[in-house]
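Asks:
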Amino acid sequence: MDLIPAARGPHFCPVAARWPFFTSMKSRLLVLLVGLIGMWLSPNRAAAQKPPLTRPQYQEDFVYFWNTIRTSYGYFPSKQTDWEQVQALYQPQLDTLSSRRAFVRLLENALAELYDPHAGLSTNRPDSRRLVPTGCDVWAEFVSGKAVVRAVRPAFGAERSGVRVGMVVAAVNGVPVDEALKPFLPRSLRRPDAAARNFALLQLLAGDHLTPRVWSLQSAGGPFIAHPDDAGMQLENSRYPTLLEVRRIGTVGYIKVNNSLFDNGLIAPFDSALTALGNTQGLILDLRETPSGGNTTVARAIMGRFIEREAPYQRHELPEDVQTQTRRSWLELVAPRGVRYAAPVVVLVGRWTGSMGEGLAIGFDALGRATVVGPEMARLNGAIYSYKLPNSSIGFSIPVERLFHVNGQPREAFRPPVYVAPVADGKDSANGPDPALQRALSLLQVRK
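So that you can map any letter, position 102 of the sequence shown is 102 in full-length UniProt numbering, and since no number is skipped, the others follow by simple counting.
1) Are the beta-carbon atoms of L201 and L217 separated by less than 8 Å?
2) Would you please state the rounded distance, in angstroms, between the beta carbons of L259 and R213? I believe it to be under 8 Å.
3) Using only the alpha-carbon positions, how far apart do residue 449 and L94 sit?
4) If you measure between the beta carbons of G157 and A206, is that distance less than 8 Å?
5) Check this for me: beta carbons of V373 and D365, under 8 Å apart or not?
6) Span of the beta strand (DSSP E) holding G253?
7) Does DSSP put W352 in a helix, in a strand, or in coil?
8) Shortest alpha-carbon distance to L185 belongs to which of G166, R160, A110?
9) Since K182 sits in a beta bridge, which residues does DSSP pair it with?
10) Three-state secondary structure (DSSP) at P435?
11) For the alpha helix (DSSP H) that contains G157, what are its first and last residues?
12) May I ask which residues mark the beginning and end of the alpha helix (DSSP H) holding P154?
13) If we count the other Cβ atoms within 10 Å of its Cβ and call it buried at 16 or more, is Y73 buried or exposed?
14) Leaving out five residues on either side along the sequence, give the residues of the same chain with a beta carbon under 6 Å from the beta carbon of E412.
15) Identify every run of the alpha helix (DSSP H) within the UniProt domain "Tail specific protease" (252 to 409), keeping only runs that are complete inside it and at least 4 residues long; order them along the chain.
16) Identify the continuous alpha helix (DSSP H) that holds L202 and give its terminal residues.
17) In this structure, how does DSSP classify F142 when only helix, strand and coil are distinguished?
18) Where does T96 sit, in a helix, a strand or coil, going by DSSP?
19) Are Y387 and G395 touching if we call contact CB-CB under 8 Å?
20) Using the C-alpha atoms, what's the distance from A155 back to V345?
21) Taking E332 as the reference, give the member of P319, Q325, R305, R300 with the closest Cα.
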């Protein structure tokens with residue numbers, strides 16, 4: 001979004017400079033202005049400005065939505081989604097649709113048929129599901145038919161309520177998992193897909209923006225009830241005191257990015273931090289709390305501080321053109337920037353390393369400038385493009401460009417070369433044991 005900068009200091013106003021005229025007319029102008037504002041803000045005026053959409057307009061928006069995804073979505077080859085069936089399932093529902101609220105829900109449901117957490121709308125409802133991974137605090141997968149907790153987000157509700165890796169989720173808000181899962185399962189699959197079932201599980205556990213979650217779990221010690229939202233709806237109000245955290249651990253520097261890779265304002269404090277740590281014998285770059293991703297400007301600015309010469313860090317690929325059946329691919333380069341940090345680097349990643357955070361990880365790996373340590377990342381698909389529906393102006397984003405490591409491996413399939421799984425009695429935070437951090441320190445051969 002482009003913002004118009006505020007004026008910096010006094011500026012000349014032709015009307016205000018003509019004091020005699022302005023004084024004599026002030027009262028009448030003020031009355032006129034107040035009247036105009038009142039008319040503009042009146043409910044009738046607002047209603048006249050934005051009439052409800054007609055059903056043909058909703059139809060037009062849906063067709064635009066469906067066709068855009070059909071021709072532009074980059075990950076159909078890895079999905080079991082029958083997109084023609086999606087149209088057959090959802091377009092008839094428009095015949096009885098009469099509100100924007102209902103239309104938002106229809107679009108949400110249609111988009112969920114892709115079982116892709118990197119696809120989403122620019123708007124939601126209070127009962128919409130939270131975004132994954134930004135709006136979730138636990139990561140679970142089905143193992144032998146059981147919903148097993150694989151990772152817990154440090155310092156959020158799930159961890160604070162006692163949820164730990166290895167626990168099994170038996171029920172959500174009193175409903176057995178298999179039953180509670182059904183509303184989130186895609187309906188258009190050509191054949192069953194375990195990835196779709198795991199997507200639905202994450203949607204279920206993320207919850208909505210209104211309903212406090214209650215989980216019934218099985219732990220090694222027996223049944224366990226967790227209330228992740230007891231302290232309030234924290235996932236709707238995530239706040240970080242700073243864009244990044246900086247400290248020294250012995251002779252090693254440590255920089256943690258606090259979900260700010262989308263903020264160009266991160267570049268200056270990152271530069272300052274790296275300068276302050278310039279005499280360390282190694283650096284740990286912690287990307288484990290970057291679920292919202294970011295932009296390539298920030299990513300390239302960070303990587304540029306660690307290299308001597310321009311080099312590729314990731315490969316892009318656009319889907320095949322529908323008419324010509326040709327595709328386009330290219331390598332993205334990063335250039336050196338500023339004073340180079342030359343000591344060894346370890347990059348920490350995890351399930352809440354998302355999108356551009358994942359791009360940074362594979363970039364450092366491709367450049368040969370860091371060892372990546374941790375478990376699987378968020379595995380978000382590709383680079384998203386954003387679109388706007390012609391009548392409702394509802395925005396939506398989908399992964400269009402497929403992204404790869406420079407060696408050809410899909411970004412979402414990348415596994416850290418030094419794999420460190422979360423453990424049941426450990427926490428990836430500064431408040432307790434942190435196996436990944438300990439492994440990073442070991443790799444840099446230092447003591448705390």
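Virtual Cβ for every residue (Gly too), placed ideally from N, Cα, C.
Replies: Reading from the atomic positions:
1) As a working mapping, residue 201 is identified with position 201 in the sequence shown. As a working mapping, residue 217 is identified with position 217 in the sequence shown. Between L201 and L217, the CB-CB gap reaches or exceeds 8 Å.
2) As a first step, residue 259 must be located in the sequence shown, where it is residue number 259. As a first step, residue 213 must be located in the sequence shown, where it is residue number 213. Residue identity differs from the one stated: residue 259 is Asn in this sequence, not Leu. A Cβ-Cβ distance of about 21 Å is found for the pair N259 and R213, leaving them out of contact under the 8 Å criterion.
3) In the structure as shown, the chain begins at 1 and stops at 448. Residue 449 is therefore absent and cannot be evaluated.
4) Translated into the one-based positions of the sequence shown, residue 157 becomes position 157. Translated into the one-based positions of the sequence shown, residue 206 becomes position 206. No. Outside cutoff.
5) Taking the sequence shown and counting its residues from 1, one reaches residue 373 at position 373. Taking the sequence shown and counting its residues from 1, one reaches residue 365 at position 365. Cβ atoms of V373 and D365: not closer than 8 Å.
6) Your numbering for residue 253 matches position 253 in the sequence shown. Element bounds for G253: 252 to 257.
7) Reading the sequence shown from its first residue, position 352 is the one you call residue 352. W352 carries a coil assignment under DSSP once its states are collapsed to helix, strand and coil.
8) Locating residue 185 in the sequence shown gives position 185, counting from the first residue. For the residues G166, R160, A110, the minimum Cα distance to L185 belongs to A110.
9) Numbered from 1 along the sequence shown, position 182 holds the residue referred to as residue 182. Beta-bridge annotation (DSSP): K182 is not paired with any residue.
10) Looking up residue 435 in the sequence shown gives position 435. Of the three classes helix, strand and coil, the one that applies to P435 here is helix, per DSSP.
11) For this step, residue 157 is matched to residue 157 along the sequence shown. That run of the alpha helix (DSSP H) goes 157 to 160.
12) Indexing the sequence shown from 1 puts residue 154 at position 154. First-last for P154: undefined, no H or E at that position.
13) If you number the sequence shown from 1, residue 73 lands on position 73. Buried, because 16 or more other Cβ atoms sit within 10 Å of the Cβ of Y73.
14) The residue you call residue 412 lines up with position 412 of the sequence shown. Excluding sequence neighbours, E412 sits near R379, N381.
15) For the UniProt domain "Tail specific protease" (252 to 409), whole alpha helix (DSSP H) runs of length 4 or above, ordered along the chain, are 267 to 276, 296 to 304, 356 to 367.
16) The sequence position of residue 202 within the sequence shown is 202, counting from 1. Note, L202: alpha helix (DSSP H), 194 to 206.
17) Position 142 of the sequence shown, counting from 1, holds the residue named residue 142. When secondary structure is reduced to three states using DSSP, F142 falls in the strand class.
18) Walking along the sequence shown from the start, residue 96 turns up at place 96. Three-state DSSP puts T96 in a helix.
19) Stepping through the sequence shown from its first residue, residue 387 is reached at position 387. Stepping through the sequence shown from its first residue, residue 395 is reached at position 395. Yes; because the gap between Cβ atoms is below 8 Å, this pair is in contact.
20) Position 345 of the sequence shown, counting from 1, holds the residue named residue 345. Position 155 of the sequence shown, counting from 1, holds the residue named residue 155. The alpha-carbon atoms of V345 and A155 are separated by roughly 26 Å.
21) Working through the sequence shown from its first residue, we reach residue 332 at position 332. The option with the nearest alpha carbon to E332 is R300.
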